[in-house]
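All letters in the sequence shown, in the order written, are residues 0 to 362 by numbering that gives the first Met the number 0. Where is the CB? At the ideal position from N, CA and C, for every residue including glycine.
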Amino acid sequence: MTEQEPWKACLNLAEIEAAGAAAMAPGPRAYYAGGAADEVSMRDNRASFERWRIVPRMFVPNTPRDASVEVLGRRWPQPFAIAPMALQRNGHPDGEVAVARAAAARGLTYCLSTCASAGFDEIAATGAPRWFQLYLLSDRARSQALIEEAEATGHEALILTIDTPVTGLRERDIRDGYGLPKGVEYCLIRREGSQRGTSVLDDAIQPTYSWDDLAWVLSVTRMPVLVKGILHPEDARRAVEMGAAGIVVSNHGGRQLDMAIAGLDALPAIAEAVGDRGVVLMDGGVRRGTDVLIALALGARAVLLGRPVLFALPLGGEPAVGHALDLLTKEIDRALVLSGIPDAREWRREHLVRAGELPGRGA
Ligand SMILES: Cc1cc2nc3c(=O)[nH]c(=O)nc-3n(C[C@H](O)[C@H](O)[C@H](O)COP(=O)(O)O)c2cc1C
Numbered sequence: 000m001t002e003q004e005p006w007k008a009c010l011n012l013a014e015i016e017a018a019g020a021a022a023m024a025p026g027p028r029a030y031y032a033g034g035a036a037d038e039v040s041m042r043d044n045r046a047s048f049e050r051w052r053i054v055p056r057m058f059v060p061n062t063p064r065d066a067s068v069e070v071l072g073r074r075w076p077q078p079f080a081i082a083p084m085a086l087q088r089n090g091h092p093d094g095e096v097a098v099a100r101a102a103a104a105r106g107l108t109y110c111l112s113t114c115a116s117a118g119f120d121e122i123a124a125t126g127a128p129r130w131f132q133l134y135l136l137s138d139r140a141r142s143q144a145l146i147e148e149a150e151a152t153g154h155e156a157l158i159l160t161i162d163t164p165v166t167g168l169r170e171r172d173i174r175d176g177y178g179l180p181k182g183v184e185y186c187l188i189r190r191e192g193s194q195r196g197t198s199v200l201d202d203a204i205q206p207t208y209s210w211d212d213l214a215w216v217l218s219v220t221r222m223p224v225l226v227k228g229i230l231h232p233e234d235a236r237r238a239v240e241m242g243a244a245g246i247v248v249s250n251h252g253g254r255q256l257d258m259a260i261a262g263l264d265a266l267p268a269i270a271e272a273v274g275d276r277g278v279v280l281m282d283g284g285v286r287r288g289t290d291v292l293i294a295l296a297l298g299a300r301a302v303l304l305g306r307p308v309l310f311a312l313p314l315g316g317e318p319a320v321g322h323a324l325d326l327l328t329k330e331i332d333r334a335l336v337l338s339g340i341p342d343a344r345e346w347r348r349e350h351l352v353r354a355g356e357l358p359g360r361g362a
């Protein structure tokens with residue numbers, strides 16, 4: 000079994016990441032695994048979860064229990080979706096299509112990246128509930144064309160990522176000589192000329208952003224717009240006041256500004272600033288079911304799952320990705336039982352303490 004189906008031996012997402020990384024060539028592995036500069040923010044994304052502890056309750060009946068949440072009018076069966084991530088064909092020839100199929104089979108939402116190595120129609124054909132992630136391109140007309148195509152192919156929301164006016168300092172990519180593998184290409188921002196590694200992005204993506212850009216995006220789409228990459232509560236407040244439907248609290252997996260605050264650490268203040276004016280999602284370092292629930296307790300409606308999905312790909316495409324998604328789903332269910340908080344929507348700050356901090360009376 001493990002020869003052809005190595006993912007089956009992986010008991011958790013960390014094991015999937017390790018096995019997937021071992022199965023990849025150094026360049027693409029560096030691209031998936033790497034963070035910016037000293038990778039402090041990337042490591043901190045994990046550490047941020049370990050700074051919290053859950054205070055479980057006993058004698059609580061756990062049937063029925065419910066992991067579902069409502070996000071922008073759709074009931075998500077689990078409180079997570081697939082993060083937008085570039086170039087999934089680096090990991091497997093089926094790339095984005097494999098991931099979207101695995102998501103579709105489970106009713107999970109798939110976020111298609113502007114830097115995808117698959118087209119809108121291919122993702123639409125999987126039937127997955129789908130969102131489109133936009134990087135603003137220097138060429139406004141091309142940005143608008145992407146938005147229109149996303150709408151026409153049934154993408155239900157737009158994630159505008161604003162933390163990437165230039166790519167972060169990805170030293171692993173340079174050290175391990177990452178370049179686009181043969182047969183992998185940017186399908187949505189394809190253009191003549193440079194197709195070398197991440198440089199195509201720096202060529203295509205708008206090199207500076209202002210609030211006017213958000214106003215423009217809001218003015219040209221019917222899709223609800225979530226702004227991804229926000230880490231300051233004032234930025235979150237302004238975005239929802241302008242009409243954004245939500246915020247994705249994220250430091251981009253530690254791949255942009257190293258030393259930036261972890262998404263989980265930024266989350267409580269942002270959730271408070273947004274209030275009921277928008278939906279708040281977070282990502283960065285989510286690897287366990289308990290991570291998902293801690294994020295919910297700190298104000299996220301749901302989270303985005305990142306790298307483990309990418310590292311499942313080289314282990315066997317769609318079924319391996321499905322295994323990763325099922326592992327997280329089962330962990331969430333077990334944690335709902337063991338915590339005595341069997342409804343994902345009921346998780347609150349009061350169910351947590353800081354590691355090292357004693358619960359107060361009545362906690
Ligand atoms: C290889 C890779 C490519 C990514 N590409 C994109 C992208 O195209 N657009 C985007 O908004 N975020 C992108 N991200 C960031 C993810 O959406 C998400 O914020 C991050 O992966 C969360 O961190 P984690 O995977 O360590 O949990 C990418 C992340 C990785 C690892």
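- Shortest gap from the CB of Met-41 to any heavy atom of ligand 1: under 8 angstroms.
- Taking 8 angstroms as the cut-off, the C-beta of Thr-163 counts as close to a heavy atom of ligand 1.
- Counting only residues of its own chain and dropping the five nearest sequence neighbours on each side, Thr-220 has a CB closer than 7 angstroms to the CB of Ile-146, Glu-150 and Leu-157.
- Phe-58 counts as exposed, since fewer than 16 other beta carbons sit within 10 angstroms of its beta carbon.
- In the DSSP assignment, Trp-215 falls within the unbroken alpha helix (DSSP H) covering 210 to 219.
- Looking only at Leu-327, Gly-277 and Leu-263, the smallest Cα-Cα distance to Arg-348 is reached by Leu-263.
- Per DSSP, the continuous beta strand (DSSP E) segment holding Phe-131 begins and ends at 129 to 133.
- Sorting Ala-115, Gly-94 and Ile-173 by C-alpha distance to the C-alpha of Ala-36 places Ile-173 at the top.
- Here Val-165 is exposed: its Cβ has fewer than 16 other Cβ atoms, across all protein chains shown, within 10 Å.
- The Cβ atoms of Pro-313 and Met-23 lie closer than 9 angstroms to each other.
- Secondary structure at Glu-69: strand, using DSSP grouped into helix, strand and coil.
- Val-39: member of the alpha helix (DSSP H) spanning 39 to 49, first to last residue.
- Rounded to whole angstroms, the separation of the alpha carbons of Gly-359 and Met-258 is 32 angstroms.
- Annotation for Gln-255: Ala-35, Asp-162, Thr-163 and Gly-167 place their beta carbon closer than 7 angstroms to its own, counting only its chain and skipping 5 residues before and after.
- If you ignore the 5 residues before and after Arg-236, its C-beta comes within less than 8 angstroms of the C-beta of Ala-272 and Val-273, all in its own chain and listed in chain order.
- Judged by DSSP in its simplified three-state form, Trp-75 adopts strand.
- Ligand 1 has no heavy atom closer than 8 angstroms to the beta-carbon of Ala-156.
- Per DSSP, Leu-225 is not a residue of any alpha helix (DSSP H); the beta strand (DSSP E) it occupies stretches across 224 to 229.
- Taking the Cβ of Pro-83 as the reference point, at least one heavy atom of ligand 1 falls within a distance shorter than 8 angstroms.
- Rounded to whole angstroms, Pro-223 and Val-70 show a C-alpha spacing of 11 angstroms.
- A straight-line Cα-Cα distance of about 15 angstroms links Ala-243 and Gly-72.
- When the five nearest sequence neighbours on each side are left out, the beta carbons in the same chain lying within less than 8 angstroms of the beta carbon of Leu-337 are those of Pro-55, in order along the chain.
- Our two residues, Thr-62 and Val-352, have alpha carbons roughly 26 angstroms apart in a direct line.
- Around the beta carbon of Trp-210, a 10 Å sphere encloses fewer than 16 other beta carbons of the protein chains shown; the residue is thus reported as exposed.
- Unbroken beta strand (DSSP E) stretches of 3 residues or longer found wholly inside the stretch 277 to 309: 278 to 282 and 301 to 304, given in chain order.
- CA-CA distance, Ala-17 to Ser-218, rounds to 43 angstroms.
- Taking Cys-114 as reference, the option from Gly-283, Gly-228 and Cys-186 with the minimal CA-CA separation is Cys-186.
- The beta carbon of Gly-26 is closer than 6 angstroms to those of Asp-175, Gly-176 and Tyr-177 in its chain, skipping five residues each way along the sequence.
- Between the alpha carbons of Trp-346 and Asp-138 lies a gap of roughly 43 angstroms.
- In chain order, Trp-75, Pro-78, Arg-300, Ala-301, Ala-343 and Arg-344 place their CB closer than 7 angstroms to the CB of Val-68, counting only its own chain and leaving out the 5 sequence neighbours on each side.
- A direct Cα-to-Cα measurement between Ala-238 and Leu-280 gives close to 14 angstroms.
- Taking all protein chains in view, the Cβ of Gly-253 is crowded by 16 or more other Cβ atoms within 10 Å, so the residue is classified as buried.
- For Leu-213, the closest of Ile-269, Gly-33, Asp-234 and Glu-356 by C-alpha to C-alpha distance is Asp-234.
- Per DSSP, the unbroken alpha helix (DSSP H) holding Thr-328 starts and ends at 316 to 338.
- Cα atoms of Gly-321 and Leu-12: separation of roughly 12 angstroms, rounded to the nearest angstrom.
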